[in-house]
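Protein chains: 2
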Amino acid sequence: MQGDRSHPTAEAIYLRVKNQIPHISLGTIYRNLKVLAEQGLILEIPVADGPARYDFRTDNHYHFICDKCGHAHDIEMPLPTSLTQSLQRSGYAVRTQQILFYGLCPNCKS
Amino acid sequence: MQGDRSHPTAEAIYLRVKNQIPHISLGTIYRNLKVLAEQGLILEIPVADGPARYDFRTDNHYHFICDKCGHAHDIEMPLPTSLTQSLQRSGYAVRTQQILFYGLCPNCKS
DNA sequence: ATAGGTGCAAAATATTTGCTAGGGC
DNA sequence: GCCCTAGCAAATATTTTGCACCTAT
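Sequence lines, in order, name chains B and U. Numbering follows numbering that gives the first Met the number 0, in which position 6 of the first sequence is assigned residue number 5; successive positions increment by one, without gaps. Numbering follows numbering that gives the first Met the number 0, in which position 58 of the second sequence is assigned residue number 57; successive positions increment by one, without gaps.
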């Protein structure tokens, strides 16, 4: 699962895990995802008009949510650390950040 | 409402509007917020662990959600347009973007 | 009269929780 | 046995929707 780049919803994870552990329940999935997210081991991505996505990558990167296919793409671009630094100078303690783009992905655009 | 900087939830907006229009319903609030957001006239901000916030500013800016007080602060920093441009060069059609920081705000940090 | 927007309430969706029970030490 | 975690189902939270009605054109 660590190598997963598909940003699945809790539901999708549930279905997948169920193949391995047929009696697992959705509640358990949510419970564990929440704990993992609190620990900072995974990333919870709340999305407009839909269930949250989960990301198993914890290195800083962006996401692009396609309006049409709904797929969440990883965007490989370096984070401008200047933003975080600037915030910290202003007295904010940044725990995590999230940069989200919405629009049409290359596939759906054409 | 246009000058509002408090990033209210639909519920908060409902309560406020109800002062003016006592018989308004929450469903109508949601309905109208959704339309406005689709038109790009307001911004819908999905938040982890809570209801979406709405922002009446449409100029590009960031938000900082405090883990403790839950308040959404406006962060006044210029958007690096290079990111969007880079995405567009890669074939993405960017409709809107959203940069969200989570952590402790200056008030709650101390 | 017709179109568009609304109230109301039910439905749909998403997530959390209480409680009981089972597995590992 | 004790503790931790899970299953299950109910509860909660959030958002959307159907439908009848009202109002302005």
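Backbone N, C-alpha and C define an ideal beta-carbon position, used for all residues, glycine too. This structure is a prediction, so every number in the text was calculated from the model and none was measured.
Using a C-beta to C-beta distance shorter than 7 Å, which residues of chain U count as neighbours of residue i?
i	result
Cys110 (chain B)	Past the edges of chain B, shown from 0 to 109, lies residue 110 (chain B), and the structure says nothing about it.
Arg94 (chain B)	Asp66, Tyr101, Gly102
Gln97 (chain B)	Leu99
Pro79 (chain B)	Pro79
The alpha helix (DSSP H) that contains residue i, what's its start and end?
i	result
Gln96 (chain B)	No alpha helix (DSSP H) contains Gln96 (chain B), which is instead part of the beta strand (DSSP E) from 92-103.
Arg52 (chain B)	Unbroken run through Arg52 (chain B) is the beta strand (DSSP E), 52-54; no alpha helix (DSSP H).
Ile20 (chain U)	No alpha helix (DSSP H) contains Ile20 (chain U), which DSSP labels as neither H nor E.
Ser81 (chain U)	80-88
Please report the residue range of the beta strand (DSSP E) in which residue i lies.
i	result
Leu42 (chain U)	42-44
Ile28 (chain U)	Premise fails: Ile28 (chain U) lies in the alpha helix (DSSP H), 25-38, not in any beta strand (DSSP E).
Ala71 (chain B)	71-74
Cys65 (chain B)	61-65
Please look up how many angstroms separate the CB atoms of residue i and residue j, rounded, as I've assumed it's under 8 Å.
i	j	result
Tyr179 (chain U)	Ile41 (chain U)	Residue 179 (chain U) lies beyond the range of chain U shown here (0 to 109); nothing can be said about it.
Thr121 (chain B)	Gln96 (chain B)	Any property of residue 121 (chain B) remains undetermined from this structure, which presents chain B solely from 0 to 109.
Ile23 (chain B)	Ala9 (chain B)	12 Å between Cβ atoms; not a contact.
Thr57 (chain U)	Gly39 (chain U)	7 Å
Gly26 (chain B)	Lys108 (chain U)	34 Å between Cβ atoms; not a contact.
His62 (chain U)	Leu99 (chain U)	5 Å
List the residues of chain U that residue i touches, going by C-beta distances under 9 Å, in chain order.
i	result
Val46 (chain B)	Pro45
In chain B, which residues lie with their C-beta within 8 Å of the C-beta of residue i?
i	result
Ser85 (chain U)	Met76
Phe55 (chain U)	Within chain B, no residue comes near Phe55 (chain U); the closest Cβ sits about 16 Å away, beyond 8 Å.
Given that residue i touches chain U, what residues does it touch there, using C-beta distances under 8 Å?
i	result
Pro7 (chain B)	None at all; the shortest Cβ gap to chain U is about 16 Å.
Which chain B residues sit within Cβ distance under 7 Å of residue i?
i	result
Leu82 (chain U)	Met76
Can you pull the chain B residues whose beta carbon is under 9 Å from the beta carbon of residue i, in chain order?
i	result
Lys108 (chain U)	Gly90, Tyr91, Ala92
>> Pairs of beta-carbons, one from the stretch 45-62 of chain U and one from the stretch 40-59 of chain B, closer than 8 Å: are there three or more?
In response: yes
> Hey, is the stretch 74-86 of chain U in contact with the stretch 29-41 of chain U, meaning 3+ C-beta pairs nearer than 8 Å?
Replying inline: no
> Below 8 Å, can you find three or more Cβ-Cβ pairs linking the stretch 87-107 of chain U to the stretch 84-95 of chain B?
Replying inline: yes
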